[in-house]
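Student: Quick one: the structure is below, and I'll ask about it shortly.
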Amino acid sequence: MQQYETVIILTPLLSEEVSKEVIAKFRNILTEGGAEIVHEDNWGLKKLAYPIEKKTTGFYHLTEFKAPGELIGKLEIEYKRDERVMRFLTIKLDKHAIAYNEKKRSGAFNKKAEAPKTEEVAN
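Note that the sequence shown covers residues 5 to 127 in our numbering.
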């Protein structure tokens, strides 16, 4: 099984409850197809880089999962059929991307470098 990452953008006209139902629908498609969900991240309502279908915002959701390759085609067909999905992107992760995502989740990039302490000299 390969590891994949998919980001979907849902229409901003949905309520939060309906957007959660849509995400649950795609999660069920993955798990019923034999996928193992590694990580999910709901980015919430964000401004789009350019208007899509005359909308300037959308609900972003990222899912990282391990799945057989034939499941990706089925998943993307379901994305295309669902009118609530404005855009989607699914990519296959290589070993470097997997390592990067694991470090990011563990918080390795959130640590700030401490500035060297300087001692004040009294005159």
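C-beta: ideal position from N, C-alpha, C; glycine also. If you're wondering where the values come from, they're calculated on a predicted model, not measured in any experiment.
Closest to residue 51 by C-alpha separation, out of 72, 60, 44, would be which residue?
Tutor: Counting from one through the sequence shown, the residue named residue 51 turns up at place 47. Looking at the Cα atoms, 60 is the closest of the given residues.
Student: If you follow the alpha helix (DSSP H) that residue 105 is part of, which residue opens it and which one closes it?
Tutor: Numbered from 1 along the sequence shown, position 101 holds the residue referred to as residue 105. Note, residue 105: alpha helix (DSSP H), 99 to 110.
Student: With C-beta atoms as the reference, is residue 109 less than 8 Å away from residue 43?
Tutor: Mapped onto the sequence shown, residue 109 falls at position 105. Mapped onto the sequence shown, residue 43 falls at position 39. Yes. Within cutoff.
Student: Among 88, 9, 113, 8, whose alpha-carbon lies nearest the alpha-carbon of residue 57?
Tutor: Mapped onto the sequence shown, residue 57 falls at position 53. Looking at the Cα atoms, 88 is the closest of the given residues.
Student: Short of 7 Å in beta carbon distance, which residues of its chain neighbour residue 46, apart from the five on each side in sequence? Order them along the chain.
Tutor: In the sequence shown, counting from the first residue as 1, residue 46 sits at position 42. Answer for residue 46: 65, listed in chain order.
Student: What do you reckon, are the CB atoms on residue 69 and residue 12 nearer than 8 Å?
Tutor: Residue 69 sits at position 65 when you count from the first residue of the sequence shown. Residue 12 sits at position 8 when you count from the first residue of the sequence shown. Their beta carbons are not under 8 Å apart, which means residue 69 does not touch residue 12 by this criterion.
Student: Starting from residue 58 and walking both ways along the beta strand (DSSP E), at which residues does that stretch end?
Tutor: Sequence index remark: in the sequence shown, residue 58 carries index 54 (1-based). From DSSP, residue 58 is part of no beta strand (DSSP E); its letter is neither H nor E.
Student: Where does residue 10 fall in DSSP's three states?
Tutor: Here residue 10 is taken as the residue at index 6 of the sequence shown, counted from 1. In this structure, residue 10 counts as strand in the three-state DSSP scheme.
Student: Do you know offhand how far residue 39's Cα is from residue 71's?
Tutor: By 1-based counting over the sequence shown, the position of residue 39 is 35. By 1-based counting over the sequence shown, the position of residue 71 is 67. Cα to Cα, the separation comes out at about 4 Å.
Student: Buried or exposed: residue 23, going by 16 or more other Cβ atoms within 10 Å of its Cβ?
Tutor: Numbered from its first residue, the sequence shown carries residue 23 at position 19. Looking at its Cβ environment, which holds 16 or more other Cβ atoms inside 10 Å, residue 23 is buried.
Student: Looking at residue 81: is its Cβ nearer than 8 Å to the Cβ of residue 94?
Tutor: Residue numbering aside, residue 81 sits at position 77 when the sequence shown is read from its first letter. Residue numbering aside, residue 94 sits at position 90 when the sequence shown is read from its first letter. Not in contact: residue 81 and residue 94 (Cβ atoms no closer than 8 Å).
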